[in-house]
Structure formats: C-alpha cells, structure tokens
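Asker:
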Amino acid sequence: MTGELRVAVSREADIVTARQLGRELAAKAGFAGSDLTLIATAISEVARNIISYAENGEILLGLASKDGRSGLSVVAQDHGPGIPNIEQAMQDGFSTGKSLGLGLPGARRLMDEFQIVSAPGKGTTVTMHKWHR
Amino acid sequence: MPVPILKQGQVLIASVQAALTDHDLIQLKDELADKVGRFRARGVIIDVTALDVLDSFATRTLRGIATTAQLRGAQTVVVGIQPDVAIAIVQLGLTLQGVATALDLEEGLELLRRLPAQNSTP
C-alpha cells in the first residue's frame, strides 16, 4: 500500500473528514462517477462504526495493487471492545442497539473486497478494497 | 454546520449547504419538529442537492424527520438526491420508504401543492 493517509477518528466530525479525504484520494487514483460516492459512503459507515463502538480509532487510506489490478485500500482500525461474533455482525439488521445494523454489511456491498478481523478485547480491523474495473 | 430553514407560505424549506455531521442531522430533526408547530407548516422540503453522501445514519434520520413531521401534521418531501447517491443508498440496502421524494425544489413544491390537505399514513 502506498500513498498512505491517516485520519484519526474520535468524534463525529472525523467521519465527514475521513470520507472527504477518501473521495479525494480515490479521485486522484483515477476513480470517477458513482465509484467515488460508493467509496465515500463505505468509509462513512466504517468510521461511524469506530465512533459508535470503540470511541476512537483511525482510518488509513492508500493506493493498492494486486494481481495486476490497481485501486484504493481503506483500513479502519480501533482498539475497542471487539466483535465477539463477526458472522452475526455481518448480517443485515444485526445490531447491539446503536444502529440499524446496516453499516458493516452495507460497506461490504459498496466495496469489492472486505475483510474484518476482530476479537473481544482486542479491537477491530476492517480492510476494504475497491479495484478499477 | 446548521441547516438554514426558510419559510415559504405553509412550507418549511431546509436547504442543506454542506456535509452534515450526525449532530447536524439530529439538530435538523429537532428544529423541524419545533418549527412545524410554531409556523403551522403543512409541508417540509429537505433539499439535499449539496450532499455527496447519504449513509445509513443520514438515510435513517431523514426517515425519522419525515415521520416526526407527519405526526405534527406536515408532509415531508426530500428533494435533490444526486444520482450517485441514489445508487449508493440502494447498494447499502436502504430505502426511503414512506418518504416522498422529488427531483428538485421546484418539483417538491409542486408535489406538496398537489397533496391532499389531510395527513396520510406514510
């Protein structure tokens, strides 16, 4: 991952900052049109997840390449309580009460790749990629 | 950044100028609920033309605003959802079910003019 940009996420306004910087970087990376909106919206969802469940964390934005494809990577990490049951958390409508439960599964649908690593007490790391078509 | 709310006849127009934080959205909901009563408004228009993102929180709050206004006797129309934003809402798995929408402010005002005066269930 190159061209990395780090956005600290500890208050609501950081959600807006993160998605705006993400959109800018995605535009520089050659994304256009609805892809820019899909990327910005996905960043908004994972950033909100940090605020809602971990209080603070960070988002790393970077250019990525894999198997001859290039694109954008978004990593959202926190040291919050972690997710005990990831499978459950990735189900539409599942929420521990702070949201509609559409954030993470929604973000997955907006991006091309989505990985989540989490364990109770160890925080959560969400890694997402959008590749050029 | 707070959203300015204008009054035109029996309609309140909330014209979103810049990206909204969650706090701004909740403030907009509270203010509209209050102003619908204070100005005896029959309609509310929320113009989101300037927004480049409507995520799950924003979409849910818009639905909340429409339901709140409806309980206070006013119909809400959300206008100006950008094409890319509409695509993202669908891909997120969300809808604005129960909320009237129109292409732009002009169409929204026209829609409110044609709506029956009594409240209908969303």
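Protein chains in written order, with the numbering used here: chain A, 133 to 265; chain B, 74 to 195.
Glycine included, each C-beta is placed from N, C-alpha and C at the ideal position.
At which residues does the alpha helix (DSSP H) containing K108 (chain B) begin and terminate?
Answerer: Counting from 1 along the second sequence, the entry for residue 108 (chain B) is found at position 35. Where K108 (chain B) is concerned, the enclosing alpha helix (DSSP H) stretches over D95 to R111.
Asker: If I'm right that G200 (chain A) touches W263 (chain A) with Cβ under 8 Å, what's the distance once you round it to whole angstroms?
Answerer: Residue mapping note: residue 200 (chain A) aligns to position 68 of the first sequence, counting from 1. Residue mapping note: residue 263 (chain A) aligns to position 131 of the first sequence, counting from 1. Rounded, the Cβ-Cβ distance is 10 Å, inconsistent with contact.
Asker: Out of B:A142, B:I162, B:G171 and B:E179, point me to the one whose CA is closest to K108 (chain B)'s CA.
Answerer: Numbered from 1 along the second sequence, position 35 holds the residue referred to as residue 108 (chain B). Selected option, being the one with the closest Cα: B:A142.
Asker: Where do the N-terminal and C-terminal ends of the beta strand (DSSP E) with V207 (chain A) fall, by residue?
Answerer: For the purposes of this step, residue 207 (chain A) is taken as the residue at position 75 of the first sequence. It spans R201 to D210 - the beta strand (DSSP E) in which V207 (chain A) sits, taken as one unbroken run.
Asker: Compare the Cα-Cα distances from H96 (chain B) to each of B:L144, B:V76 and B:A175 and report the closest residue.
Answerer: Within the second sequence, residue 96 (chain B) is the residue found at index 23, counting from 1. Checking every option, the nearest Cα to that of H96 (chain B) belongs to B:V76.
Asker: Identify which residue in B:V151, B:V84 and B:V126 has its Cα closest to the Cα of Q170 (chain B).
Answerer: Here residue 170 (chain B) refers to the residue found at position 97 of the second sequence. The option with the nearest alpha carbon to Q170 (chain B) is B:V151.
Asker: If we count Cβ pairs, one from each stretch, closer than 8 Å, do we get three or more for the region 153-169 of chain A versus the region 210-224 of chain A?
Answerer: no
Asker: At 3 residues or longer, and completely inside the region 130-164 of chain B: list those beta strand (DSSP E) runs for me, N to C.
Answerer: 148-152
Asker: Alpha carbon to alpha carbon, how far is V148 (chain A) from G146 (chain B)?
Answerer: Taking the first residue of the first sequence as position 1, residue 148 (chain A) is located at position 16. Taking the first residue of the second sequence as position 1, residue 146 (chain B) is located at position 73. Roughly 33 Å between the two C-alpha positions.
Asker: Tell me the DSSP bridge mates of A196 (chain A)?
Answerer: Here the question's residue 196 (chain A) lines up with position 64 in the first sequence. A196 (chain A) pairs with A:G203.
Asker: Chain B partners of E177 (chain A), CB-CB under 7 Å?
Answerer: Counting from 1 along the first sequence, the entry for residue 177 (chain A) is found at position 45. Those are D128 and S129, listed as they occur along chain B.
Asker: Quick check: the Cα distance between I78 (chain B) and D120 (chain B), rounded to an integer number of angstroms?
Answerer: As a working mapping, residue 78 (chain B) is identified with position 5 in the second sequence. As a working mapping, residue 120 (chain B) is identified with position 47 in the second sequence. Their backbone Cα atoms lie some 10 Å apart in a straight line.
Asker: What number of angstroms, rounded off, separates the C-alpha of L242 (chain A) from the C-alpha of L182 (chain B)?
Answerer: In the first sequence, counting from the first residue as 1, residue 242 (chain A) sits at position 110. In the second sequence, counting from the first residue as 1, residue 182 (chain B) sits at position 109. Near 33 Å, if we compare the C-alpha coordinates of L182 (chain B) and L242 (chain A).
Asker: Helix, strand or coil: which one does DSSP assign to R138 (chain A)?
Answerer: As a working note, residue 138 (chain A) is residue 6 in the first sequence. DSSP, read as helix, strand or coil, puts R138 (chain A) in strand.
Asker: Starting from Q247 (chain A), trace the beta strand (DSSP E) both ways and give me its first and last residue.
Answerer: To locate residue 247 (chain A), count along the first sequence from 1; it is residue 115. From DSSP, the beta strand (DSSP E) with Q247 (chain A) extends over E245 to S250.
Asker: Step through the CB atoms of chain B and report whether any lies within less than 7 Å of the CB of G238 (chain A).
Answerer: Counted from its first residue, the first sequence places residue 238 (chain A) at position 106. With its beta carbon less than 7 Å from one in chain B, G238 (chain A) belongs to the interface.
Asker: Going along the chain, which residues of its own chain have a beta-carbon closer than 6 Å to the beta-carbon of T259 (chain A), five neighbours each way excluded?
Answerer: By 1-based counting over the first sequence, the position of residue 259 (chain A) is 127. Excluding residues within five positions, the ones whose Cβ falls inside 6 Å are V207 and Q247.
Asker: Anything in the region 159-183 of chain B with a Cβ closer than 8 Å to a Cβ of chain A? List those residues in chain order, please.
Answerer: I160, A161, Q164, L165, G166 and L167
Asker: Helix, strand or coil: how does DSSP classify G146 (chain A) here?
Answerer: Residue mapping note: residue 146 (chain A) aligns to position 14 of the first sequence, counting from 1. Reading the sequence as shown, one finds Asp at residue 146 (chain A) and not Gly. D146 (chain A): helix per DSSP, three-state reduction.
Asker: In three-state terms, what does DSSP make of K80 (chain B)?
Answerer: Locating residue 80 (chain B) in the second sequence gives position 7, counting from the first residue. In this structure, K80 (chain B) counts as strand in the three-state DSSP scheme.
Asker: Compute the beta-carbon to beta-carbon distance between T169 (chain A) and D125 (chain B), rounded to the nearest angstrom, for a pair I have assumed lies under 8 Å.
Answerer: Locating residue 169 (chain A) in the first sequence gives position 37, counting from the first residue. Locating residue 125 (chain B) in the second sequence gives position 52, counting from the first residue. About 6 Å; that satisfies the 8 Å criterion.
Asker: Helix, strand or coil for K254 (chain A)? Go by DSSP, reduced to three states.
Answerer: Counted from its first residue, the first sequence places residue 254 (chain A) at position 122. Coil, per DSSP.
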